[in-house]
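Here the structure is laid out as structure tokens; the discussion comes afterwards.
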Amino acid sequence: MKHTEIAIVGGGPAGLSAGIVAARLGAQVTVIDDNPRLGGQLIKQTHKFFGSRTHYCGTRGVDIAAILEQELRKTGAEIVLNTTVIGHFQPNILGLASSQQFTKLTYDRLIIATGAYENNVLFENNDLPGVYGAGAVQTLMNVYGIRPGKRVLMIGSGNIGLIVSYQLLQADVEVAAVVEALPYIGGYHVHAAKLRRCGVPILTSHTIKAALGKEYVTGAVICRVNRKFRPIKGSERKLKVDTICLAVGLSPLIELLSQIDCYLVYIPELGGLVAWHDENLQTSVPGVYVAGDVSGIEEASTAILEGRIAGAHAFLSLKGKEANPEAEAIIRDARRELAVIRQGPFGEKAARGKRQLQQYTPARPVIQQ
Amino acid sequence: MSRKTSEPKETRITNHPILTFNRGKKVTFYFEGKPMQGYLGETIAAALVANGVKVFRYTEKHKRARGFFCAVGKCSSCLMVVDGVPNTMVCMEPLREGVRVERQHGRGKL
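Chains as they are written, first to last, in full-length UniProt numbering: chain Z, 1 to 369; chain H, 1 to 110.
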């Protein structure tokens, strides 16, 4: 059985950052990802990021992925791709499955950075081919250069819905409309304004009622909703579309954490069930950390910072302060920057969620190192 | 940029304002026995969508059509029979020269 000092599950912004920090400090690190390529969802982000000066603001997500990957590879960390962590066995064994092989890996510290999964929404025929998650549309368009369809209805006006709609236009795909159940647009004004300038209607207080079609999507029925999000009778109308794209939020991918028996708490502000964690990102199970969307839905810049904290603290708890005095400084700096980001209007919700999390006490106490 | 009302468009993007696509070697694969073209480096699911295939499988009980949905190996919507192996997640499976892909009916037989 192979052994690693710090195992990291997930090679997105959080996992990569954790790996870079921990390996640079001097730990032996293994990063495992089920994709053929590192970078997680960053590889499909073609827009330039906002945010703080130190966090790649003005750089496109796909380029950030390349920078992080290069930094990780320079450290000599072990990278295991096309491999899914399909289970955790007590006390510290991960089960790894690739296409033809099952192997086991033991670890001293574990950082779970599995990210999130797209939410679905209830409507008639929501299982028809042609109904896509927004991430899938981005993968097709921005990774493989394939148009998912000719005319798309976007569900959800959060940043993902707005950005993917704009990316569809860039790929020369028509966007029939963006519908949003809330009475206001969820994402940044700057993204919404770009769509409006291109003539895409953003229909607030609207929802999708049904997808039309027998074998695949040929249209959609949308309608207005009242303040209680109930459909208003007689407001239905049909749109001719061949693709319906769902951008209705994300849920943390907590399966592994649940199996490890980490204390889980339901916090709507963080996207649902999340593993309780302290400010070092350590869960209720000593030596098991979370970072990025799996610890609460936020964004790539916060995922990077959480990854740094988790990576540095995993190192610190394993090797001690004396091994590398930089570890504490990394944690301090990243915490300060996280606080700044979460003060902003779009970080406030996550900040509230993280505060709520602290009101819970884990069933098992975290051992302070 | 304008919203063009659509005449039939290619599924493959050739001109993109930001991205360039470095596609791998062009290969032939088979969907339900029919030869199709794709590129190395893409997944089977991506190649199928590029060829206009929308239905990937039919469910066991209600025979509902299922297509590409999540693209990240989580939802099981894209389970197909690949070179005779059922329940293959084609959104994660790399395209190979000559690979034979079939729609899966129900749970698939081993």
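C-beta: ideal position from N, C-alpha, C; glycine also.
Given that residue i touches chain H, what residues does it touch there, using C-beta distances under 9 Å?
| i | result |
| --- | --- |
| residue 34 (chain Z) | 72, 73 and 92 |
| residue 371 (chain Z) | One cannot answer for residue 371 (chain Z) here, as it falls past the ends of chain Z, which runs 1 to 369. |
Within 10 angstroms of its Cβ, does residue i collect 16 or more other Cβ (buried), or is it exposed?
| i | result |
| --- | --- |
| residue 92 (chain H) | buried |
| residue 228 (chain Z) | exposed |
| residue 306 (chain Z) | buried |
| residue 122 (chain Z) | exposed |
| residue 114 (chain Z) | buried |
| residue 214 (chain Z) | exposed |
| residue 369 (chain Z) | Model confidence at residue 369 (chain Z) stands at a pLDDT of 44, short of 50, so the residue's coordinates are unreliable; what they give is reported in the following sentence. With fewer than 16 other Cβ atoms within 10 Å, it is exposed. |
| residue 380 (chain Z) | For residue 380 (chain Z) there is no data in the structure shown, the boundaries of chain Z being 1 and 369. |
| residue 57 (chain Z) | exposed |
| residue 4 (chain Z) | buried |
| residue 289 (chain Z) | buried |
| residue 132 (chain Z) | buried |
| residue 41 (chain Z) | buried |
| residue 184 (chain Z) | exposed |
| residue 355 (chain Z) | exposed |
Pick helix, strand or coil for residue i, following the three-state DSSP scheme.
| i | result |
| --- | --- |
| residue 47 (chain Z) | coil |
| residue 284 (chain Z) | coil |
| residue 251 (chain Z) | strand |
| residue 1 (chain H) | At residue 1 (chain H) the pLDDT is 44, less than 50, meaning the model places this residue with poor confidence and gives no usable figure here. |
| residue 10 (chain Z) | coil |
| residue 259 (chain Z) | helix |
| residue 7 (chain H) | Residue confidence for residue 7 (chain H) is low, a pLDDT of 43 falling below 50, so the modelled location carries little weight; the figure read from the coordinates is stated next. Residue state, collapsed to three classes: coil. |
| residue 369 (chain Z) | With a pLDDT of 44 at residue 369 (chain Z), under the threshold of 50, the modelled position of this residue cannot be trusted, and the question is left open. |
| residue 313 (chain Z) | helix |
| residue 30 (chain H) | strand |
| residue 142 (chain Z) | helix |
| residue 268 (chain Z) | helix |
| residue 108 (chain Z) | strand |
| residue 190 (chain Z) | helix |
| residue 338 (chain Z) | helix |
Comparing alpha-carbon positions, which option in the options lies nearest residue i?
| i | options | result |
| --- | --- | --- |
| residue 109 (chain H) | H:73, H:79 and H:24 | H:79 |
| residue 38 (chain H) | Z:145, Z:231, Z:277 and Z:266 | Z:145 |
| residue 29 (chain Z) | Z:278, Z:88 and Z:79 | Z:79 |
| residue 361 (chain Z) | Z:321, Z:264 and Z:349 | Z:264 |
| residue 293 (chain Z) | Z:303, Z:246, Z:221 and Z:234 | Z:303 |
| residue 282 (chain Z) | Z:75, Z:110 and Z:57 | Z:110 |
| residue 30 (chain H) | H:83, H:89 and H:104 | H:83 |
| residue 254 (chain Z) | Z:300, Z:337, Z:273 and Z:247 | Z:273 |
| residue 60 (chain Z) | Z:167, Z:92 and Z:275 | Z:167 |
| residue 352 (chain Z) | Z:259, Z:143 and Z:271 | Z:271 |
Against residue i, what residues of chain Z qualify as contacts under a CB-to-CB distance less than 8 Å, listed in chain order?
| i | result |
| --- | --- |
| residue 66 (chain H) | 127 and 129 |
| residue 13 (chain H) | 141, 145, 146, 147, 171 and 172 |
| residue 69 (chain H) | 131, 132, 133 and 136 |
| residue 49 (chain H) | 140, 146 and 148 |
Which chain H residues are close to residue i, counting only those with a beta carbon under 8 Å from its beta carbon?
| i | result |
| --- | --- |
| residue 220 (chain Z) | Here the premise fails: no neighbours, minimum Cβ distance about 15 Å. |
Using a cut-off of 7 Å between C-beta atoms, extract the partners of residue i located in chain Z.
| i | result |
| --- | --- |
| residue 42 (chain H) | 144 |
| residue 55 (chain H) | 129, 215 and 216 |
So residue i contacts chain H; which residues on that side make the cut at Cβ distance below 7 Å?
| i | result |
| --- | --- |
| residue 46 (chain Z) | 18 and 19 |
| residue 118 (chain Z) | 70 |
Which residues of chain Z have a Cβ atom closer than 9 Å to the Cβ of residue i, listed in chain order?
| i | result |
| --- | --- |
| residue 101 (chain H) | Going along chain Z, no residue has its Cβ under 9 Å from residue 101 (chain H), so there is no contact; the nearest lies around 15 Å. |
Residue i and residue j look like a contact to me (Cβ under 8 Å); what is the Cβ gap, rounded to whole Å?
| i | j | result |
| --- | --- | --- |
| residue 130 (chain Z) | residue 149 (chain Z) | 7 Å |
| residue 118 (chain Z) | residue 135 (chain Z) | 6 Å |
| residue 206 (chain Z) | residue 225 (chain Z) | 7 Å |
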